[in-house]
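A.B. asks: Numbered according to my numbering, the sequence shown spans residues 12 to 76.
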Amino acid sequence: MSGMPTENKGGWRKSSYSGASTATDCVEVAFVASEVGVRDSKNTNGPTLAFPTTAWRTFVTMGEC
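1) Tell me LYS53's beta-bridge partners as DSSP assigns them.
2) Please state whether DSSP places GLY48 in a helix, a strand or coil.
3) Measure the CB-CB distance between ARG24 and VAL49 and report whether it falls below 8 Å.
4) Considering only their Cβ atoms, is the gap separating THR64 from VAL38 smaller than 8 Å?
5) Excluding five sequence neighbours on each side, which residues of the same chain lie with their C-beta closer than 7 Å to the C-beta of LYS53?
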């Protein structure tokens, strides 16, 4: 994921579904060009996943059902 922001560059947003700051299930997303990055907000230096924006849109839409 060459275009994903790093911890210090910002650009990551915490999911509104992650709950309170003490929640154990927290994810962050970053939108860069034609990719969406996903990472664990408790481990911001850990691995990240990248999805094409079309795949992310389908995933989010399926979750609304």
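Just so it is clear, CB atoms sit at the ideal spot from N, CA and C, and this is done for glycine as well.
C.D. replies: Well, looking at it:
1) Along the sequence shown, read from residue 1 onward, the residue named residue 53 stands at position 42. In DSSP, LYS53 forms no bridge with anything.
2) To locate residue 48, count along the sequence shown from 1; it is residue 37. Strand.
3) Here residue 24 is taken as the residue at index 13 of the sequence shown, counted from 1. Here residue 49 is taken as the residue at index 38 of the sequence shown, counted from 1. No; because the gap between Cβ atoms is not below 8 Å, this pair is not in contact.
4) Within the sequence shown, numbered from 1, the residue matching residue 38 stands at position 27. Within the sequence shown, numbered from 1, the residue matching residue 64 stands at position 53. No, the Cβ-Cβ distance between VAL38 and THR64 is not below 8 Å.
5) Looking up residue 53 in the sequence shown gives position 42. The answer, listed in chain order, is CYS37.
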